[in-house]
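Asks: Numbering (my numbering), first residue to last: 14 to 123.
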Amino acid sequence: MRNVKFPRCIPRLQPDSVGPEDQEKASFVTDQGIFCYNVMPFGLKNAGATYQRLVNHMFQSQIGRNMEVYIDDMLVKSVEEQDHIKDLVECFQILETFGMKLNPAKCTFG
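1) Is Q73 a contact residue of the ligand MG, with contact defined as CB to any heavy atom under 7 Å?
2) Specify, as a first and last residue, the run of the alpha helix (DSSP H) that F105 falls within.
3) Taking 8 Å as the cut-off, does the segment 69-76 touch the segment 100-110 (at least 3 CB pairs, one atom from each stretch)?
4) What residue does the alpha helix (DSSP H) around L67 start on, and which one ends it?
5) Quick check on K90: buried or exposed, where buried means 16 or more other Cβ atoms within 10 Å of its Cβ?
6) Could you work out which residue in E94, F48, D85 is closest to S40 when comparing CA atoms only?
7) Taking just the CA atoms, how far does L115 sit from L67?
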């Protein structure tokens, strides 16, 4: 990252929800009963690729311009502080639009 003064990492989005029509496909049986996932677990075969496509779609206007994304790790980068604030606001608005949440304990701002 050359010439970047204000990098900010925004990792760990909450997982994508599993639609009711797909919950049966990811269900499992225990001695306590039958259970299914409400959100996509990362242990499923294509979960990582599915999640990457979702994040690429969400941030298509920012990726390559002021953001880098790899699965659940994101980096918002700007040269000037004022631009960085605008870029973060844009990122947060996109997250809100898609109903995604960040885990503050896993976010780094510096």
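Where a beta carbon is used, it is the ideal one built from N, C-alpha and C, also for glycine.
Replies: In short:
1) What this structure holds is no ligand at all, so the ligand MG is not there to describe.
2) Walking along the sequence shown from the start, residue 105 turns up at place 92. Per DSSP, F105 belongs to the alpha helix (DSSP H) from 94-110.
3) yes
4) Numbered from 1 along the sequence shown, position 54 holds the residue referred to as residue 67. That run of the alpha helix (DSSP H) goes 60-71.
5) Here residue 90 refers to the residue found at position 77 when the sequence shown is read from its first residue. So K90 counts as buried.
6) Position 27 of the sequence shown, counted from the start, is the residue given in the question as residue 40. Considering only alpha carbons, the answer is F48.
7) Position 54 of the sequence shown, counting from 1, holds the residue named residue 67. Position 102 of the sequence shown, counting from 1, holds the residue named residue 115. Each residue's Cα considered, the two are about 15 Å apart.
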